[in-house]
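Asks:
There are 2 protein chains.
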Amino acid sequence: MIRVLVAEDQSAVRAGLVLILRSAPDIEVVGEASDGEQAVAQARELRPDLVLMDIQMPRLDGVSATRQVVAEGLADVLVLTTFDLDEYVFGALRAGASGFLLKNTDAKDLLEAVRTVARGEGLISPAVTRRLIAEFAAKPVREPKADPSVLDTLTRREREVLSCLGEGLSNADIATRLDMAEATVKTHVSRLLGKLELRSRVQAAVLAQELGI
Amino acid sequence: MIRVLVAEDQSAVRAGLVLILRSAPDIEVVGEASDGEQAVAQARELRPDLVLMDIQMPRLDGVSATRQVVAEGLADVLVLTTFDLDEYVFGALRAGASGFLLKNTDAKDLLEAVRTVARGEGLISPAVTRRLIAEFAAKPVREPKADPSVLDTLTRREREVLSCLGEGLSNADIATRLDMAEATVKTHVSRLLGKLELRSRVQAAVLAQELGI
DNA sequence: GTCGCGGTACATCGAAAGATGCAGTCGCGG
DNA sequence: CCGCGACTGCATCTTTCGATGTACCGCGAC
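So the protein lines, in turn, are chains A and B.
Take the first sequence: its letter number 161 is residue 161 in UniProt numbering, and every next letter is one higher.
Take the second sequence: its letter number 101 is residue 101 in UniProt numbering, and every next letter is one higher.
Here you go:
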């Protein structure tokens, strides 16, 4: 039995969804929420297998609610919306949603989608999939030249300094932020340059950038 | 009528696919190819609506063939493979495939997939979708803060110097590469720092990185 | 022409960065 | 306990950087 929580602010739509879900023998609607905060609260309380989440909701929007539910590991989230705006799609997926459906999906497909996500798989409306693919393909390939393993040779302090270098801070700035003498900052800079085989803080900053620090 | 080209090196599998496709009244198999080069050639010749493309093929693999077909705008490509290796999936999608199916997909879903892609939408096997989402979500958000327009205020020489800064070169290094006195390099650095409202070459280097220079 | 202006170029000088030596503090095995 | 090594911290000294003033050239406006 798949335990589902329905989060949708328009009661008419919510009733329709619940009706559809109840029609399936293997699906149980364990709760309903009419805004994002309720959705998160009920997810904590009821521990459903899956949350059917609308995006447009008062108090806490669906994307934020999704982020929270996923972050706490409460349930998988299947996002449901009327509009397939890129902003919504990508926002929801980044927030950790397992699926993204448009509301024009018919009852049969909705049930199938719920089962698919409950199986731990992912699902996206075909109309949206193409744009997701396009977005994905457009992503620059993560240059693997920046090897995170070299960071292992650095001490914690050195990593902190490196991070600051990545922001373009001067030694004095770093000294203030990390609360140490400028001379000490220089020591750390010098040491990490040696370990990373770099010749100046500029190269260190570039490296920090590539490593996403 | 959806005109389909089937590209698959194993003749038994290919026969099976053709059989399934022919069973649909709205789908027509206009050609078959047993390797990647044939697939591209036939796509050029026959101009199908869609190419059903296997990944493992001799002479030219499916990903490369897909890239070529898409680049020439010949047809949409639906990739079909036995293994859902990340390498295949991401490679195929980057190459411009509109869909990605596993071979364990049943006949009904295969036909539906063909129709979906032919409609201009996208389609991905549920088993693969979740990983695609994960991969997508993991991508760092491309910070748009780096505004290429600020570069317009720089002179050619200053842009050249900025580019060198992005590589982490010292003033002496830059002087050598651009064949000018170190003092001159300093002038340019100083000027571009002013124009870009930066406080050190380190920040300039970081900016150059973000701008992909 | 010649005046102004933007781009390029160089020299000087104070400020910052980087190398180096050294000291205090942990934690660990002998 | 003691020695040892790794980490952190600071001070001194040389190198590099960056701001500033100046000069030359090419080009369009006057």
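Note that beta-carbon positions come from the ideal geometry of N, C-alpha and C, so glycine has one too.
#1: For Arg-130 of chain B, tell me which candidate among B:Ser-163, B:Leu-74 and B:Asp-84 has the shortest Cα-Cα distance.
#2: So what does DSSP say about Phe-136 of chain A, is it helix, strand or coil?
#3: Please check if any C-beta of chain B sits within less than 8 Å of the C-beta of Ala-71 of chain A.
#4: Name, in chain order, the residues that DSSP records as bridge partners for Asp-54 of chain A.
#5: Taking Val-117 of chain B and Gly-99 of chain B to be in contact with their CB atoms under 8 Å, please state how far apart those CB atoms are, rounded to whole angstroms.
#6: Pull out every residue of the stretch 35-65 of chain B whose Cβ sits closer than 7 Å to any Cβ of chain A, in chain order.
#7: Comparing alpha-carbon positions, which option in A:Leu-207, A:Tyr-88 and A:Gly-212 lies nearest Leu-132 of chain A?
#8: Where DSSP assigns a beta bridge to Val-114 of chain B, which residues make up the other side?
#9: Which term fits residue 258 of chain B, buried or exposed, when burial requires 16 or more other beta carbons within 10 angstroms of its beta carbon?
#10: According to DSSP, is Ala-24 of chain B helix, strand or coil?
#11: Would a check of beta-carbon distances place Phe-83 of chain B closer than 8 Å to chain A?
#12: Taking the CB atoms as reference points, tell me whether Glu-37 of chain B and Arg-14 of chain B lie closer together than 8 Å.
#13: Which ranges would you report for the alpha helix (DSSP H) in the UniProt domain "HTH luxR-type" (147-212) of chain A if only whole runs of at least 4 residues count?
#14: Note the first and the last residue of the continuous beta strand (DSSP E) segment covering Arg-119 of chain B.
#15: Please classify Asn-104 of chain B as buried or exposed, where buried requires at least 16 other C-beta atoms within 10 Å of its C-beta.
#16: Could you please give the first and the last residue of the uninterrupted alpha helix (DSSP H) stretch that includes Gly-91 of chain A?
#17: Need the endpoints of the beta strand (DSSP E) that Gly-99 of chain A sits in, please.
#18: What would DSSP say about Gly-73 of chain B, mapped onto helix, strand or coil?
#19: Which residues mark the beginning and the end of the alpha helix (DSSP H) in which Arg-3 of chain A is found?
#20: Touching or not, the stretch 109-123 of chain A and the stretch 157-175 of chain B, by the rule of three or more beta carbon pairs under 8 Å?
#21: Nearest CA to the CA of Ser-190 of chain A: which residue from A:Asp-179, A:Leu-123, A:Leu-154 and A:Leu-19?
#22: Return the CA-CA distance between Gln-68 of chain B and Val-40 of chain B, expressed in angstroms with no decimal places.
#23: Could you tell me the alpha carbon to alpha carbon distance between Leu-169 of chain B and Ala-204 of chain A, rounded to whole angstroms?
#24: Which value, in whole angstroms, describes the spacing of the CA atoms of residue 228 of chain B and Leu-80 of chain B?
Replies: Working from what's here:
#1: Minimum Cα distance to Arg-130 of chain B is reached at B:Asp-84.
#2: helix
#3: no
#4: Partner(s): A:Leu-80.
#5: 5 Å
#6: none
#7: A:Tyr-88
#8: DSSP, once it has assigned bridges, lists no residue as partnering Val-114 of chain B.
#9: Outside the shown range of chain B, which is 1 to 213, sits residue 258 of chain B, and nothing can be said about it.
#10: coil
#11: It does not; no Cβ of chain A falls within 8 Å.
#12: no
#13: 156-166, 171-178, 182-196 and 201-210
#14: No beta strand (DSSP E) holds Arg-119 of chain B; DSSP gives it neither H nor E.
#15: exposed
#16: 86-94
#17: Run containing Gly-99 of chain A: 99-102, per the beta strand (DSSP E) assignment.
#18: coil
#19: Taken as a continuous stretch (DSSP letters only), Arg-3 of chain A belongs to no alpha helix (DSSP H), being part of the beta strand (DSSP E) at 2-7.
#20: Contact between the stretch 109-123 of chain A and the stretch 157-175 of chain B is absent, with fewer than three C-beta pairs closer than 8 Å.
#21: A:Leu-154
#22: 7 Å
#23: 11 Å
#24: Chain B is shown from 1 up to 213; residue 228 of chain B falls before or after that span and cannot be answered.
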